[in-house]
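What follows is a set of notes on a single structure, which appears directly below.
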Amino acid sequence: MAIKNQRRVILQPWEHHIDPNPFPAIATLEEITSIQEIDAILDQITGKEAGIIIQQYKPHASWLWSQFYGTVIYSAWPKALIHMAYGALFCVWVRFQTHGDFHVLTLEGMGDHWLASALVIIEKIWMVLMSLTTFLLTFFVGQAWTFWKSFIDVSRNIQGRFSSIQMLLTSHAARDDKTGTYTPEAEAFLKDMAQRLKLFHTLHWASQALRFRPLLTDKGWDRMVARGLVSEQERKRLQALRLSPTQKHIGVFQSMVVLSQKALNDKQIIGIKTSLLEKKIMEEFCTLRGTAGTIGGLVAGRMPLAYVHFVQVLVDTFVVLTPLAKYKDLGMFSVLMIGILTFFFHGLLVLAKVFMDPLDNEHYKVGCVYLDLAVLLRESNGGIDNWIAATETLG
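So for the sequence shown, the numbering used here puts the first residue at 27; every next one is plus one.
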């Protein structure tokens, strides 16, 4: 006898989760990505020019009003025009049905026509939806902003761990007693660690951001070797590991841990060894591992489909019902109302959805809110080298 409400262990085909926007396979990227495109990516990563991670602004109202590209207005105006056209057609149709003409700019009563009572009912539904939509949409935007801010904070924390590791290693590196400069062994170790930190950071983000994923192809590795981001020997070692192409950064990370452990026991490399130094360095590496691993979890768990789907349907229903609900009071001017509401309600929804794609992997709204990883990588690369240069000579 079957037990009612027993736990199901087999899912139906339609219940399986499928990524609607999967990353292209590495083999596909190998075919479609040119050497010039890979070099352009590397130029952005290794460049020396300054940049900004997120679009900055001036607080002056006149400056803000003058902006268009990269704003919600830029993203929302096509939808607003479509909705206004729909609203205008509806108003023309209602006018013809109720009065038999096309004098849509004339505000007149609809008499006892059946459309009058139908639109009154729709208006009552619209009023209920307005409160629900306003509350839920603003709450949704707040949650999306929290996710985006968390993502930025985690990205910065990864950057901070690099500086902490380099600070500890450079401040305890062995030095020549006469000149105060690094010993040859210490300098070679620090430069090797710097290169590995940069490589780890690059490969880590290449595994998360579609923009940089071509670097994981054979073409990408060839160009990274040619431009000195990784040695041929290290490339062969990493590719021989039983790791997927998107997990090679783990091999780089482990090599840094092992080399640091060895360096701590070599007086020609680490000249000032304390009982807490090894513990502190390992803590920083563990923190780096945990923080870097958080990125994938944030992206994968950003927001469930059911939530986003519900908000989308709610906002669209509310906006689309506007000319139906307000025609009785505003007539043709309800077209203006649907345009305004589309700008603000649809605009807020767009803003929320781009907040939940900080890496711009989905190219949902080009030029809107996203994190410029190239600037982040350039900052990190510069910071890693700066710690070596800052204590290059002491005395």
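Glycine included, C-beta positions come from ideal geometry on N, C-alpha and C.
Reference residue i; option with closest CA among the options
i    : options                   : result
V278 : H227, W140 and G246       : H227
V146 : L356, T368 and A378       : L356
Y95  : K391, L347 and D202       : K391
T159 : P271, Q338, A351 and V395 : Q338
G77  : T417, E418, N412 and D398 : D398
T97  : H109, I80 and L290        : I80
I151 : I414, P349, L374 and G365 : P349
I58  : I191, K217, D244 and W91  : D244
D411 : A106, S190 and R201       : S190
I364 : G246, V130 and V346       : V346
L269 : S257, V256 and L242       : L242
Which of helix, strand or coil DSSP assigns to residue i
i    : result
I80  : coil
I71  : helix
I296 : strand
T419 : strand
T124 : helix
M27  : Any reading at M27 must be qualified, since the residue scores a pLDDT of 46, below 50, and its modelled position is unreliable; no value is offered.
T423 : The requested residue 423 is not part of the displayed model; the chain covers only 27 to 421.
R201 : strand
T196 : helix
T54  : helix
T159 : helix
Inter-residue Cα distance where the pair is residue i and residue j
i    : j    : result
I44  : S360 : 41 angstroms
F238 : M153 : 47 angstroms
M27  : F336 : Bear in mind that a pLDDT of 46 at M27, under 50, signals an unreliable position, so the number given afterwards is only what the model happens to contain. Those two C-alpha atoms are separated by around 39 angstroms.
F371 : L163 : 8 angstroms
F311 : I71  : 23 angstroms
S181 : G316 : 12 angstroms
I178 : Q82  : 15 angstroms
P16  : I52  : Lying before the first or after the last residue shown, residue 16 is absent from the chain, which here runs from 27 to 421.
M329 : S101 : 21 angstroms
D386 : K262 : 31 angstroms
D65  : E388 : 22 angstroms
Q273 : G319 : 11 angstroms
M308 : F381 : 34 angstroms
L375 : S301 : 54 angstroms
F165 : I148 : 25 angstroms
L236 : G113 : 39 angstroms
L93  : T172 : Position check: residue 93 holds Gln in this sequence, whereas Leu was assumed. Between Q93 and T172, the C-alpha separation is close to 25 angstroms.
Closer than 8 angstroms to chain B by CB, residue i
i    : result
L133 : The displayed structure is made up of one protein chain only, and chain B is not part of it.
Sufficient close CB pairs (3 or more, under 8 angstroms) joining the segment 269 to 286 to the segment 222 to 237 | yes
Do three or more CB pairs link the segment 234 to 251 to the segment 285 to 295 at distances below 8 angstroms?
-> no
Between the segment 194 to 206 and the segment 395 to 412, do three or more beta carbon pairs fall short of 8 angstroms?
-> no
Contact between the segment 292 to 301 and the segment 207 to 219: three or more CB pairs below 8 angstroms?
-> yes
Runs of alpha helix (DSSP H) wholly within the segment 246 to 324 (minimum 4 residues, chain order) = 258 to 266 and 274 to 290
Are at least three pairs of beta-carbons, each pair with one atom in the segment 129 to 149 and one in the segment 343 to 356, less than 8 angstroms apart?
-> yes
Enumerated in chain order, which unbroken segments of the alpha helix (DSSP H) with a length of 4 residues or greater are wholly contained in the segment 342 to 408?
-> 348 to 356, 360 to 367 and 373 to 381
Hey, is the segment 117 to 132 in contact with the segment 362 to 376, meaning 3+ C-beta pairs nearer than 8 angstroms?
-> no
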